[in-house]
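Everything on this sheet refers to the single structure shown next.
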């Protein structure tokens, strides 16, 4: 499975083509799915372009994207940078009026179990975010609900092409007992090497402007679709994806 991560916690100062509004997210999702994305992860934004978990922006973003790409799962973040207090984050999840298909929960953040419980209570699939270089794997595996997640996001925080694959191997070893699907991904300069590793390991993968702003040859990406198109070529082993 190839997921597109449309925007992340970035802003337009980092990336001018970044989709922020529901209308922009809709266009970006439609283009990404047309070239091979099979799942969508997005960060709803407030009027100032900051990540938010408030019900109205979540409903607007999820509803717009879902209508544009029917049948494609749409997920959101529950990152602590949007709302620091985990109990407040859980309360926001319980107040959502439009439910995403899934939501990511970062297990290096305090209160991940509270947020996960709220998602399970509402029937929302959990993407368990497990960062390399943190105690997240141990925390997640010790959680009694660890076998109830939709998938595990093995997130490689090392950003050099040499260090990231080694970190990925180590994190995957820590997650060896996981029965849910694993989506392996990296960021910045490591995004493409880690995507190739995911392909070689037959794991789910993701790509998008949240994770990387450049194509494998260093050319700035013009859109999420640019990144998905190149990732799909790598997955299929076509010449476009060989570097």
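In my numbering, the protein residues as written are 252 to 494.
A virtual CB, placed ideally from N, CA and C, is assigned to each residue, including glycine.
The structure displayed is predicted, hence computed values, not measured ones.
Rounded to the nearest whole angstrom, the C-alpha separation of residue 460 and residue 394 is 31 Å. The DSSP-derived three-state label of residue 313 is helix. Remark: C-beta atoms of residue 376 and residue 413 do not approach each other more closely than 7 Å.
Runs of the alpha helix (DSSP H) lying entirely within the stretch 278–362, each at least 4 residues long, are 306–319, 337–346 in chain order. Within its own chain, the residues whose Cβ lies closer than 6 Å to the Cβ of residue 317, once the five positions on either side in sequence are excluded, are 325, listed in chain order. DSSP links residue 436 through a beta bridge to 406. At the C-beta level, residue 418 and residue 407 come within 7 Å of one another. Residue 463 is positioned such that its CB atom lies no closer than 7 Å to that of residue 482. DSSP places residue 375 in no alpha helix (DSSP H); its state is neither H nor E.
With a cutoff of 7 Å on beta-carbon distance, residue 280 and residue 309 are scored as not near each other. Boundaries of the alpha helix (DSSP H) harbouring residue 477: 475–487, taken from the DSSP string. 440 is the residue among 422, 322, 440, 340 whose C-alpha sits nearest the C-alpha of residue 470.
The DSSP-derived three-state label of residue 455 is strand. For residue 300, the CB contacts under 8 Å within the same chain, skipping 5 residues up- and downstream, are 262, 263, 271 in chain order. Sorting 342, 450, 405 by C-alpha distance to the C-alpha of residue 385 places 405 at the top. Going by DSSP, residue 392 is part of no beta strand (DSSP E) but of the alpha helix (DSSP H) stretching over 387–393.
Taking the Cα positions, residue 466 is about 34 Å away from residue 390. In this structure residue 253 does not touch residue 402 by the C-beta definition: roughly 13 Å separates them, more than the 8 Å allowed. Of all alpha-carbon atoms in 367, 438, 347, the one lying nearest the alpha-carbon of residue 307 is that of 347. In its chain, beyond the 5 residues on either side, 341, 396 have a beta carbon closer than 8 Å to the beta carbon of residue 368.
For residue 330, the number of other beta carbons within 10 angstroms of its own is at least 16, and it is reported as buried. Take residue 345, set aside five residues on each side of it, and the residues of its chain with a beta-carbon closer than 8 Å to its own are 369, 372, 373, in chain order.
By the beta-carbon neighbour count (other beta carbons within 10 angstroms, threshold 16), residue 455 is buried. Taking C-alpha positions only, residue 290 is separated from residue 453 by approximately 17 Å.
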